[in-house]
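Respectively, the protein sequence lines represent chains D and H. Quick note on numbering that gives the first Met the number 0: the first sequence kicks off at 0 and runs consecutively. Quick note on numbering that gives the first Met the number 0: the second sequence kicks off at 0 and runs consecutively. Please read the structure below before turning to the comments.
Protein chains: 2
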Amino acid sequence: MKFVKHVHHTEVKLEDPAEQGVKDVQLRWLISKKAGAENFAMRLFEIKPGGYTPLHQHDWEHEVFILEGNGVIKNKTNKEAFGEGDVLFVPSMEWHQFVNTGKETLKFLCLIPCKE
Amino acid sequence: MKFVKHVHHTEVKLEDPAEQGVKDVQLRWLISKKAGAENFAMRLFEIKPGGYTPLHQHDWEHEVFILEGNGVIKNKTNKEAFGEGDVLFVPSMEWHQFVNTGKETLKFLCLIPCKE
Numbered sequence: 000m001k002f003v004k005h006v007h008h009t010e011v012k013l014e015d016p017a018e019q020g021v022k023d024v025q026l027r028w029l030i031s032k033k034a035g036a037e038n039f040a041m042r043l044f045e046i047k048p049g050g051y052t053p054l055h056q057h058d059w060e061h062e063v064f065i066l067e068g069n070g071v072i073k074n075k076t077n078k079e080a081f082g083e084g085d086v087l088f089v090p091s092m093e094w095h096q097f098v099n100t101g102k103e104t105l106k107f108l109c110l111i112p113c114k115e
Numbered sequence: 000m001k002f003v004k005h006v007h008h009t010e011v012k013l014e015d016p017a018e019q020g021v022k023d024v025q026l027r028w029l030i031s032k033k034a035g036a037e038n039f040a041m042r043l044f045e046i047k048p049g050g051y052t053p054l055h056q057h058d059w060e061h062e063v064f065i066l067e068g069n070g071v072i073k074n075k076t077n078k079e080a081f082g083e084g085d086v087l088f089v090p091s092m093e094w095h096q097f098v099n100t101g102k103e104t105l106k107f108l109c110l111i112p113c114k115e
C-alpha cells in the first residue's frame with residue numbers, strides 16, 4: 000500500500016475548466032479532496048500563447064508558482080509581467096486575470112482553499 | 000498599491016529550519032500569514048545532495064511539487080523515488096522523510112495548512 004499519493008503531473012487528466020470566459024486554458028487537479036486533501040487543492044494550469052483566464056474576483060485566495068513560460072497578471076487598472084520561478088499571492092476578492100503573453104505554453108501551479 | 004504579492008522565489012530569504020534532525024536543508028517561506036494567507040502556506044525547500052528531513056509524523060498534511068532534482072520519500076518500511084515534475088500528497092499523521100539521493104540540490108514546494 001502506498002503511503003503517499005505520488006504521480007507525475009502529466010499523468011493527471013488535463014481538463015477544460017468549467018468557468019466561462021477562458022481562452023485556451025486547461026488544468027490538472029493534482030491534489031484535491033479525492034486524494035484526501037481537506038484543506039486546500041493543488042491545480043496545474045496550462046495556457047496556450049494568447050490564452051487567458053477571465054478577469055474576475057471571488058471570495059477565496061490564489062497561491063501561484065510559475066513553472067514555465069511568461070505572462071501578465073491584470074486587474075481593472077494595473078498589470079504586472081511574470082516569468083518562471085515567480086510567486087504570486089492573489090488575496091480574496093482581488094480582481095485578477097492571467098494572460099499568456101509568451102510564445103510557449105504557460106504552466107503554473109494555482110492552489111486554492113477547499114470550499115465547504 | 001500592488002494588488003498581488005509578486006516576487007521571484009530567490010528573493011525570499013533562505014532560512015534554516017527550526018526543526019531538529021535535518022541535514023543540509025534550508026527553506027524559503029514564499030507565501031505565509033505575513034502575506035495575508037490565512038488558510039495555507041507555500042514553502043520552497045532546498046536540500047543538498049545527501050541531505051534529508053527527519054523521519055517524522057505530525058497532524059497536518061503536505062502537498063508537494065518537485066521542481067528540481069531527485070530523491071526518495073521514506074516511511075518506516077517503504078520508500079519511493081521521485082523526480083522533477085512529480086506530485087506527492089502526504090496525509091496527516093503519515094510518517095515521512097525526504098532524502099536527496101541525487102547529485103544536485105533538490106528543490107520542491109511543500110504546502111501546509113496554517114495552524115491556529
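Every residue, glycine too, gets a C-beta built ideally from N, C-alpha and C. None of these values were measured; they are calculated from a predicted model.
Beta carbon of residue i nearer than 7 Å to that of residue j
i, j, result
"H/Cys109", "H/Val63", "yes"
"H/His8", "H/Leu29", "yes"
"D/Glu83", "D/Ile65", "yes"
"H/His5", "D/Leu43", "no"
"H/Val89", "H/His61", "yes"
"D/Asn74", "D/Trp59", "no"
"D/Pro131", "H/Asn99", "No statement about residue 131 of chain D is possible, as the shown extent of chain D runs from 0 to 115 and does not include it."
Neighbour list for residue i in chain D, Cβ cutoff strictly below 9 Å
i, result
"H/Asp85", "His5, Val6, His7 and His8"
"H/Val89", "Phe2, Val3 and Lys4"
Three-state secondary structure assigned by DSSP to residue i
i, result
"H/His8", "helix"
"H/Lys32", "helix"
"D/Thr22", "Looking at the sequence provided, one finds Lys at residue 22 of chain D rather than Thr. If DSSP states are grouped into helix, strand and coil, D/Lys22 belongs with the strands."
"D/Ala17", "coil"
"D/Glu60", "coil"
"H/Glu93", "coil"
"D/Lys102", "coil"
"H/Lys118", "Outside the shown range of chain H, which is 0 to 115, sits residue 118 of chain H, and nothing can be said about it."
"D/Gly84", "coil"
"H/Lys47", "strand"
"D/Ile111", "strand"
"H/Glu37", "coil"
"H/Leu54", "coil"
"H/Phe2", "coil"
Contact test: residue i Cβ vs the ligand GDP heavy atom, cutoff 6 Å
i, result
"D/Pro90", "Within the structure as shown, the ligand GDP is missing, as the structure has no ligands at all."
Residue i: contacting residues in chain D (beta-carbon distance under 7 Å)
i, result
"H/Leu29", "Val86"
"H/Asn74", "Phe2"
Where residue i meets chain D, residues with beta-carbon distance less than 8 Å
i, result
"H/Leu110", "Phe39, Met41, Glu62 and Leu110"
Against chain D: residues of the segment 31-56 of chain H by CB proximity under 9 Å: Going along the segment 31-56 of chain H in chain order, one finds Ala34, Gly35, Ala36, Glu37, Asn38, Phe39, Ala40, Met41 and Leu43 with a Cβ nearer than 9 Å to chain D.
So if I threshold CB-CB distances at 8 Å, which residues from the segment 92-108 of chain H count as touching chain D? So the close ones are Glu93, Trp94, His95 and Leu108.
Flag this pair as touching only if the segment 2-19 of chain H and the segment 38-51 of chain D have three or more C-beta atom pairs under 8 Å; answer yes or no. Pairwise C-beta distances place the segment 2-19 of chain H out of contact with the segment 38-51 of chain D, as fewer than three of them are shorter than 8 Å.
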